[in-house]
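Reading through the structure tokens given below for one structure.
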Amino acid sequence: MTLWIVGSIVFGYITGCLHGSTIARWISGVNLKETGVKNAGASNAMIVLGKRYGTLVALIDIGKGVFAVIAVRLLAGYFGLPADSTTLLLFIVGTAVVFGHNFPFHMKFNGGKGTATIIGVLFALDWRFGLAGLALFIIVALVTDILVYGVFMLYVTFLVAAIWMIGYWPIIIALALFAMAVWKHIENIKRIRNRTEPRIRAVFKKKKS
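Read in this note's numbering, the sequence shown has 72 at position 79, and its numbers run on one by one without any break.
Okay, structure coming up:
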């Protein structure tokens, strides 16, 4: 089982390092880490390069989360691993993929914030959790007018999924991932407390103008 765990971590991390923002840079010549809000994610791609690039980056980053989880599920099924072991591996590889997105070695371990990738992981774990997480993300973000609140709902959904599954290790892993998400958004949290966090409506109004 140790080999499976290590393999899932390595596979997930490497997959997570495959950034949509890198593809966008190859095509557009724009380094998203040096412009806009200086984040290698879909939201910054949309702000800086427009909807097409934002969609491209989002699809790639969501896709790698889906791919990693489904690949491990298929391998675990092929080798006949028990349900509790498979569940553990799925949460490990899902977390590793988000970790790779957030801390890619080729970006000096300073990548994105994992929003699109965790959406992909949720859908691959169970499409119902994926839909629930995405719905909460959109609704909470729009109601509060602050994107980060919606983002946290994705990680809450991941934790709920862990509680729903078999075993306590997935819960520990989900809590660790949630803690990482809070840490990655610590600047956003500070701006929220200081009431300087950009509002969603304000960003879109600025974009239109």
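Glycine included, C-beta positions come from ideal geometry on N, C-alpha and C. None of these values were measured; they are calculated from a predicted model.
In this structure, the CA atom of I(-2) is about 34 Å from the CA atom of V133. Taking each of G9, F60, T80 and G56 in turn and checking the Cα distance to I165, the smallest one comes out for T80. Per DSSP, L147 is one residue of the alpha helix (DSSP H) stretching across L140 to W157.
Apart from the 5 residues on each side of it in sequence, G104 sits with its Cβ closer than 7 Å to the Cβ of H12, A33, H94, N95, F96 and P97 in its chain, given in chain order.
For T28, no alpha helix (DSSP H) run applies, since DSSP gives it neither H nor E. Proximity of the segment 61 to 72 to the segment 114 to 129 meets the contact definition, three or more beta-carbon pairs being nearer than 8 Å.
Short of 6 Å from the beta carbon of G123, and not among the five residues preceding or following it, lie these beta carbons of its own chain, in chain order: L115 and F116.
Given a length threshold of 4 residues, each whole run of the alpha helix (DSSP H) inside the segment 33 to 93 is given here in chain order: 35 to 42 and 44 to 71.
With respect to L127, L152 sits apart: the two C-beta atoms are not nearer than 8 Å. For T(-5) and R192, the gap between their C-alpha atoms comes out near 45 Å. Spanning the alpha carbons of A35 and A109 requires a straight line of approximately 7 Å. For the set R186, T28, A154 and D77, the Cα lying nearest the Cα of I111 is the one of A154. T15 and E190 have their C-alpha atoms roughly 27 Å apart. A distance below 7 Å between beta-carbons, with the five flanking residues on each side excluded, links G56 to the following residues of its chain, in chain order: G113. Distance from the CA atom of R18 to the CA atom of L52, rounded to whole angstroms, is 15 Å. Exposed is the label assigned to V3, since fewer than 16 other Cβ atoms lie within 10 Å of its Cβ. If you look at V(-1), you'll find it in the alpha helix (DSSP H) that goes T(-5) to G9.
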